[in-house]
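Chains as they are written, first to last, in the numbering used here: chain A, 64 to 173; chain B, 409 to 521.
The C-beta atom is built at its ideal place from N, Cα and C for all residues, glycine as well.
Predicted model, so just to flag it, every value in this text is computed and none were measured.
Taking it in order: structure first as structure tokens, then the write-up.
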Amino acid sequence: KNEVEQSPQNLTAQEEEFITINCSYSVGISALHWLQQHPGGGIVSLFMLSSGKKKHGRLIATINIQEKHSSLHITASHPRDSAVYICAVRWGGGTDKLIFGTGTRLQVFP
Amino acid sequence: DTEVTQTPKHLVMGMTNKKSLKCEQHMGHRAMYWYKQKAKKPPELMFVYSYEKLSINESVPSRFSPECPNSSLLNLHLHALQPEDSALYLCASSQIPMIRELFFGEGSRLTVL
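Set out below in structure tokens:
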């Protein structure tokens, strides 16, 4: 069993749909990152969370430390949101090491 | 400047060649990372440098040799690679000791013939 599980693995949506991507983890963490990777490779850091909720534009990320679960929401989705979304957790032991989820491939159609 | 710059973007090399990948950032970050990513897989950590010293080596074969000549530069020297080493190599950096967000480069796509 992976230490970081994401669901769904693949997601298709129509433009303007509300999208939720989930991340569950089994280790104690000090922080959780949501990352976006477009075709071609470059990775962009969307959020880093250690508690609560963060919002940036149409993106919202939440984390529940007790339940070891985080969600990434996209409101009013757009085709340019099509990308792979990756959840990564930083171990609570203070290491620099991230454990990555397997990613969620999102396609938004007009 | 919030960029991590990686060069070259693409590299094709034979199994007997010696080449290097370069990574540069000017954000004052003192942690720098090399990741390897195969198609449709998440990145895998290879090396971490903290304060210009190697802090994590994820049992990477010696044909990959990292180097951090100063706080802005990170190199990955490649020698005698195998075709299965073909992948996207990503560099990242972050502030330490209070780690905030990670900044990634666009990656170097390596093909080993």
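### Query
When the Cβ atoms of the segment 133-149 of chain A are set against those of the segment 74-87 of chain A, are three or more pairs found closer than 8 Å?
yes
### Query
Tell me the DSSP bridge mates of residue 98 of chain A?
A/108 and A/149
### Query
Per DSSP, residue 81 of chain A forms a beta bridge with which residues?
Answer is none; residue 81 of chain A lacks a bridge partner.
### Residue closest to residue 452 of chain B, alpha-carbon to alpha-carbon, out of B/422, B/433 and B/498
B/498
### Contact set for residue 486 of chain B: own chain, Cβ-Cβ below 6 Å, skip 5 residues either direction
427
### Message
Below 8 Å, how does it come out for the segment 503-517 of chain B and the segment 464-481 of chain B: are there three or more Cβ pairs, yes or no?
### Response
no
### Message
Considering only their Cβ atoms, is the gap separating residue 162 of chain A from residue 99 of chain A smaller than 9 Å?
### Response
no
### Query
Quick check: the segment 65-75 of chain A against the segment 87-97 of chain A, are there 3 or more CB pairs under 8 Å?
yes
### Residue-chain proximity (residue 416 of chain B, chain A), Cβ-Cβ < 9 Å
no
### Message
If you measure between the beta carbons of residue 516 of chain B and residue 414 of chain B, is that distance less than 9 Å?
### Response
yes
### Task
Thinking residue 484 of chain B and residue 474 of chain B are a contact (beta carbons under 8 Å), I'd like their distance in whole angstroms, please.
6 Å
### Task
Using alpha carbons as the reference points, say which of A/172, A/116, A/173 and A/167 lies closest to residue 450 of chain B.
A/167
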